[in-house]
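**Student:** Dropping a structure here in structure tokens format, bear with me for questions.
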Amino acid sequence: MRGFSPQRFVAVLMKELLQMRRDRLTAAMIVGVPVLQLCLFGFAINLNPKDLPTAVSIDDPGMFGRSIVAALTNSSYFRIVRQTNSPQTARRLLDEGRVTFVVEIPVNFSRDIVRGSQPDLVIETDATDPAAGSYALAAFNTLATTALRDDLVGPLKARAQGPPPFQLVTHLLYNPESNTQYNIVPGLLAVILTMTMVLITCLALTRERERGTYENLLAMPATPLEIMLGKIAPNILIGSIQSAIILLMAKFVFGVPMLGSFWLLALGLAIYITANLAVGYTFSTVAQNQLQAMQMMVFFLLPSILLSGFAFPFKGMPGWAQDIGEVLPATHFLRIVRGILLKGNGWVEIWPQVWPLILFLFAASAVALLRFRRTLD
Amino acid sequence: MAEALAIDVRGLTKRFGQKLAVDHVDIAVPEGEVWGFLGPNGSGKTTTIRMLCGLLRPDDGQGTCIGYDVLTEAEEIKRNVGYMTQRFSFWEDLSIRENLEFVARVYELSDRRTRVNDMLERLGLQHRQNQLAGELSGGWKQRMALGACILHDPKLLLLDEPTAGVDPQARRDFWEQIHGLSEQGLTVLVSTHYMDEAERCDRIVYILNGKLIARGTVHDVIGQSGLVTFLIQGEGVRRLADSLRHKPGVEYVAFFGAMLHVSGHDRDALARALAAYSGEAGILIAEAPPSLEDVFIQLQEQAP
């Protein structure tokens with residue numbers, strides 16, 4: 432035929448370069464996405480989480496108990512956020528997801544060590560995310576043994592050698608077999624919903640704008656709120672269908688337990704789906720074309736996967752990354768869904784995660800409504 | 078008040094950055110009339126129309142559109158005005174009927190089915206009602222758009238180059254619809270580039286670089302221009318055009334088929350310039366009333 436003409440190739444190339452240059456925001460995002468990824472992967476993610484929040488339940492006035500607390504305080508893996516003498520209080524902190532570990536030093540711990548009757552030293556961990564605590568757990572035994580060694584002097588010196596003077600009891604709560612799927616599958620519910628819900632609505636207005644129907648829509652008497660709700664509502668149905676599919680597969684294919692109330696989960700889902708749809712809609716009021724809208728979605732999706740506690744342990748991230756994570760709906764929903772399914776959480780435990788979702792929903796909607804102009808100015 | 082005005086705006090102004098898109102435009106259209114809105118591309122027609130229907134906020138000026146303030150009552154205006162955009166702006170992935178039903182719902186019309194059915198029948202769209210709007214040809218799209226714009230019985234119809242890219246037959250049908258609507262009392266402001274369409278209007282306004290520079294009936298506008306036009310006919314008149322352009326008194330030369338229109342404001346100078354050619358064999362020179370196009374092109378060329 433006509434062969435390859437370098438001149439025609441250059442013609443197309445030049446045209447594309449010119450068009451690329453016109454779209455500044457897209458160019459900025461092309462620089463922005465790798466920077467964001469580098470920061471998230473490079474700084475925020477920690478596969479060997481340290482400083483994990485720990486509650487100590489201690490009901491023993493003796494020196495050995497104190498030594499263990501001191502050892503925990505000095506270790507890099509544990510950060511004691513609460514010290515109590517009630518195992519129930521400590522357990523509630525674990526239920527609410529405020530701590531990753533509870534170390535329980537039982538009554539007469541010191542006395543029993545002196546007697547040589549090997550008292551239990553209990554460590555309970557929130558195994559909904561098996562990866563989060565595994566290193567710390569491995570470190571705990573050594574930590575406690577070493578801590579006591581210095582105390583075992585005089586007549587007790589013989590105990591410093593040989594097996595530890597206590598019986599270490601590890602409880603992997605909520606997920607005793609450390610089944611990773613129990614963690615990942617509910618997490619996927621959060622991530623998949625964020626991905627599809629934001630994607631669907633982020634094109635809502637940009638599509639109208641690119642097809643020229645936006646002007647017509649504005650020339651009609653529909654208000655911004657009516658347009659927003661009308662565009663969001665049908666997608667709630669799509670989100671519900673997705674949720675149903677994922678939950679059914681979670682139960683029947685992956686065998687994920689469902690301990691809590693289904694209706695509570697449905698409520699959480701409804702709020703979460705709507706919040707994500709609102710985010711996408713907000714993007715579509717800002718983006719000038721569909722490509723920009725898609726890039727904004729990526730900007731939102733990356734932290735939702737990486738900083739929400741889905742891919743990596745939330746408590747293992749540095750403070751600033753946790754702060755960003757707290758702003759994202761996926762973070763809160765992840766806690767809701769894991770809490771309800773694996774821990775059997777009720778309304779009281781999940782409310783601290785529900786209100787941020789509601790707040791987020793209203794904030795995103797407010798931005799969308801403010802951004803939406805009733806005129807073409 | 079002598080006659081009720083559907084559009085009554087004064088000093089309407091719109092800036093886009095440094096550019097003055099519309100510069101103190103006054104328009105007063107009496108109810109029930111059909112006005113043509115003419116002017117070259119980029120002269121501010123679309124911007125003016127968008128300000129009239131509440132899609133753009135004027136930076137300056139005041140006035141009313143069907144009795145509502147253009148600055149403060151944009152929502153009421155939107156409810157009572159039909160606006161047909163320059164580019165087809167209905168939903169191409171909806172059928173004709175679905176588009177009309179959407180419009181009927183947005184305007185909260187009662188007895189929606191009847192209205193939509195009536196409109197389909199009125200525009201001869203029944204047999205195509207389930208076709209997707211995107212699959213229609215230009216003429217049918219335009220017809221559907223008109224139907225959607227008048228479905229809510231607006232008091233004023235603003236049409237932005239409604240017949241661009243539409244064949245002559247469809248254009249003629251379209252104008253019949255417009256005149257039919259006007260007889261029922263609807264006021265129409267229609268922008269166009271077609272001279273024959275301008276001549277179908279009760280009055281025309283001509284906008285250039287954001288300023289209204291001519292208004293009135295077609296006859297008035299031609300008369301006001303003070304333009305004199307001579308027609309030159311005959312074998313090979315085209316070759317005369319270049320030499321004529323440089324003669325004193327000749328302001329503008331245009332081809333109309335095998336005919337030349339030579340125009341200027343000074344009849345005597347023009348006659349002197351043409352005298353040189355009058356002796357040539359087969360050449361016929363005669364004065365004629367200038368056409369609207371002659372007037373517009375001359376207005377455009379005079380502009381600074």
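Here the protein sequences come in this chain order: Y and P.
With my numbering, letter number 189 in the first sequence gets 620, and the count goes up by one each step, no holes.
With my numbering, letter number 146 in the second sequence gets 223, and the count goes up by one each step, no holes.
Using N, Cα and C, we set each Cβ at its ideal position, and we do this for glycine too.
Here the structure is a predicted model, which means the values were calculated and not measured.
Put P:ARG280 into one of helix, strand or coil per three-state DSSP.
**Tutor:** Here residue 280 of chain P is taken as the residue at index 203 of the second sequence, counted from 1. Of the three classes helix, strand and coil, the one that applies to P:ARG280 here is strand, per DSSP.
**Student:** Buried or exposed: where does Y:THR504 fall if 16 or more other Cβ atoms within 10 Å of its Cβ makes it buried?
**Tutor:** Along the first sequence, one-based indexing puts residue 504 of chain Y at 73. Under this definition Y:THR504 is an exposed residue.
**Student:** In the DSSP output, which residue or residues are listed as bridge partners for P:SER340?
**Tutor:** Stepping through the second sequence from its first residue, residue 340 of chain P is reached at position 263. Paired residue(s): P:THR306, P:TYR329.
**Student:** So is Y:MET659 in contact with chain P if we call contact Cβ pairs under 8 Å?
**Tutor:** Residue mapping note: residue 659 of chain Y aligns to position 228 of the first sequence, counting from 1. Y:MET659 does not count as touching chain P.
**Student:** Answer with buried or exposed for P:ALA81, where buried requires no fewer than 16 other C-beta atoms within 10 angstroms of its C-beta.
**Tutor:** On the second sequence, position 4 is the one that residue 81 of chain P refers to. That one is exposed.
**Student:** Give a yes or no on whether the minimum CB-CB distance between Y:ARG642 and chain P is below 8 Å.
**Tutor:** The residue labelled residue 642 of chain Y in the question sits at position 211 within the first sequence. Yes, its Cβ sits closer than 8 Å to a Cβ of chain P.
**Student:** In this structure, does DSSP put P:GLY113 in helix, strand or coil?
**Tutor:** Working through the second sequence from its first residue, we reach residue 113 of chain P at position 36. Note: P:GLY113 maps to strand in three-state DSSP.
**Student:** What residues from chain Y crowd round P:ARG192, counting only those whose CB sits closer than 9 Å?
**Tutor:** As a working mapping, residue 192 of chain P is identified with position 115 in the second sequence. Going along chain Y, no residue has its Cβ under 9 Å from P:ARG192, so there is no contact; the nearest lies around 16 Å.
**Student:** Under the three-state reduction of DSSP, which class applies to Y:VAL584: helix, strand or coil?
**Tutor:** As a working mapping, residue 584 of chain Y is identified with position 153 in the first sequence. Y:VAL584 falls in the coil class under three-state DSSP.
**Student:** How should Y:GLN723 be labelled, buried or exposed, when 16 other C-beta atoms within 10 angstroms of its C-beta is the threshold for buried?
**Tutor:** Translated into the one-based positions of the first sequence, residue 723 of chain Y becomes position 292. So Y:GLN723 counts as buried.
**Student:** Using 8 Å as the limit for Cβ to Cβ distance, is Y:PRO652 near chain P?
**Tutor:** In the first sequence, counting from the first residue as 1, residue 652 of chain Y sits at position 221. With 8 Å as the cut-off, Y:PRO652 counts as an interface residue toward chain P.
**Student:** Between Y:ASP560, Y:LEU759, Y:ASP582, which has its C-alpha nearest Y:HIS610's C-alpha?
**Tutor:** Position 179 of the first sequence holds residue 610 of chain Y. Note on identity: in this sequence residue 610 of chain Y is Asn, with His being the wrong assignment. Closest option to Y:ASN610, Cα to Cα, is Y:ASP560.
**Student:** Just curious, the alpha helix (DSSP H) that Y:TYR613 is in, first and last residue?
**Tutor:** Position 182 of the first sequence holds residue 613 of chain Y. Y:TYR613 -> alpha helix (DSSP H) spans 611-633.
**Student:** Hey, Y:VAL687 and Y:GLN592: beta-carbon distance below 8 Å or not?
**Tutor:** On the first sequence, residue 687 of chain Y is found 256 positions in, with the first residue counted as 1. On the first sequence, residue 592 of chain Y is found 161 positions in, with the first residue counted as 1. No; because the gap between Cβ atoms is not below 8 Å, this pair is not in contact.
**Student:** By the three-class DSSP mapping on this structure, what secondary structure does Y:PHE730 have?
**Tutor:** In the first sequence, residue 730 of chain Y corresponds to position 299, counting from 1. Of the three classes helix, strand and coil, the one that applies to Y:PHE730 here is helix, per DSSP.
**Student:** For Y:THR806, go through chain P and note every residue whose CB falls closer than 9 Å to its CB, in chain order.
**Tutor:** The count along the first sequence starts at 1 and reaches residue 806 of chain Y at position 375. Those are ARG127, GLY131, LEU132, LEU133, ARG134, ALA151, listed as they occur along chain P.
**Student:** In this structure, does DSSP put P:CYS226 in helix, strand or coil?
**Tutor:** To locate residue 226 of chain P, count along the second sequence from 1; it is residue 149. Helix, per DSSP.
**Student:** CB-CB under 6 Å to P:ALA83, same chain, minus the five flanking residues each way: which ones, in chain order?
**Tutor:** Locating residue 83 of chain P in the second sequence gives position 6, where the first residue counts as 1. Same-chain partners within the cutoff: VAL106, GLU108, ILE143, LEU233, THR264.
**Student:** Looking only at its own chain, which residues have a Cβ that is under 7 Å from the Cβ of P:VAL372, when we skip the five neighbours before and after it?
**Tutor:** Start at 1 with the first residue of the second sequence, and residue 372 of chain P comes out as number 295. Once the five neighbours on either side are set aside, the close Cβ partners of P:VAL372 are VAL298, ILE299, SER302, LEU304.
**Student:** Between P:PHE167 and chain A, is any beta-carbon pair separated by less than 8 Å?
**Tutor:** Checking the listed chains, one finds no chain A in this structure; the protein chains it contains are Y and P.
**Student:** Between which two residues does the beta strand (DSSP E) holding P:LYS96 run?
**Tutor:** Here residue 96 of chain P refers to the residue found at position 19 of the second sequence. Unbroken beta strand (DSSP E) run through P:LYS96: 96-107.
**Student:** Check the Cβ of Y:LEU801 against every Cβ in chain P and list those closer than 9 Å, keeping chain order.
**Tutor:** On the first sequence, residue 801 of chain Y is found 370 positions in, with the first residue counted as 1. Simply none; closest approach about 17 Å.
**Student:** Indicate whether P:ALA365 and P:LEU308 have their beta-carbon atoms separated by less than 8 Å.
**Tutor:** Position 288 of the second sequence, counting from 1, holds the residue named residue 365 of chain P. Position 231 of the second sequence, counting from 1, holds the residue named residue 308 of chain P. Cβ distance < 8 Å, so P:ALA365 and P:LEU308 count as in contact.
**Student:** Report the residue ranges of all alpha helix (DSSP H) runs contained in full by the segment 160-231 of chain P; include only those spanning at least 4 residues, in chain order.
**Tutor:** Complete alpha helix (DSSP H) runs here, min 4: 173-183, 189-199, 215-227.
**Student:** What do you get for P:GLY341, buried or exposed, if any count of 16 or more other CB atoms within 10 angstroms of its CB means buried?
**Tutor:** For the purposes of this step, residue 341 of chain P is taken as the residue at position 264 of the second sequence. P:GLY341 is buried by the Cβ-count criterion.
**Student:** Write down the C-beta distance between Y:ALA706 and Y:ALA795 rounded to the nearest angstrom, noting that I regard them as a contact closer than 8 Å.
**Tutor:** Taking the first sequence and counting its residues from 1, the one referred to as residue 706 of chain Y is at position 275. Taking the first sequence and counting its residues from 1, the one referred to as residue 795 of chain Y is at position 364. Y:ALA706 to Y:ALA795, Cβ: 7 Å. Contact.
**Student:** So the alpha helix (DSSP H) Y:ARG513 belongs to, where does it begin and stop?
**Tutor:** If you number the first sequence from 1, residue 513 of chain Y lands on position 82. No alpha helix (DSSP H) holds Y:ARG513; the beta strand (DSSP E) holding it covers 509-515.
**Student:** Determine the direct distance from the alpha carbon of Y:SER488 to that of Y:GLN519, and round the result to whole angstroms.
**Tutor:** Looking up residue 519 of chain Y in the first sequence gives position 88. Looking up residue 488 of chain Y in the first sequence gives position 57. Each residue's Cα considered, the two are about 9 Å apart.
**Student:** Out of Y:TYR712, Y:GLN726, Y:ASN720, which one is the CA nearest neighbour of Y:PHE803?
**Tutor:** Sequence index remark: in the first sequence, residue 803 of chain Y carries index 372 (1-based). Selected option, being the one with the closest Cα: Y:TYR712.
**Student:** For Y:PHE532, which beta-bridge partners are listed by DSSP?
**Tutor:** Within the first sequence, residue 532 of chain Y is the residue found at index 101, counting from 1. Paired residue(s): Y:THR485, Y:THR556.
**Student:** Measure from the C-beta of Y:GLU447 to each C-beta in chain P and report whether the shortest distance is under 8 Å.
**Tutor:** Counting from one through the first sequence, the residue named residue 447 of chain Y turns up at place 16. Output row for Y:GLU447: interface = no.
**Student:** Determine the closest residue to Y:ILE667 out of Y:ALA650, Y:LEU698, Y:PHE693, with distance taken between C-alpha atoms.
**Tutor:** Indexing the first sequence from 1 puts residue 667 of chain Y at position 236. It is Y:LEU698.
**Student:** With distances taken from CA atoms, which of Y:HIS602, Y:VAL545, Y:GLY775, Y:PRO596 is nearest Y:TRP694?
**Tutor:** By one-based count along the first sequence, residue 694 of chain Y stands at place 263. Comparing Cα-Cα distances from Y:TRP694 to each of Y:HIS602, Y:VAL545, Y:GLY775, Y:PRO596, the minimum goes to Y:GLY775.
**Student:** So, with DSSP's three-state summary, where would you put P:VAL314?
**Tutor:** For the purposes of this step, residue 314 of chain P is taken as the residue at position 237 of the second sequence. If DSSP states are grouped into helix, strand and coil, P:VAL314 belongs with the helices.
**Student:** By Cβ distance, which residues of its chain are closer than 7 Å to Y:PHE791, with the 5 residues on each side in sequence left out?
**Tutor:** Against the first sequence, residue 791 of chain Y aligns to sequence position 360. Excluding sequence neighbours, Y:PHE791 sits near ALA706, PRO760.
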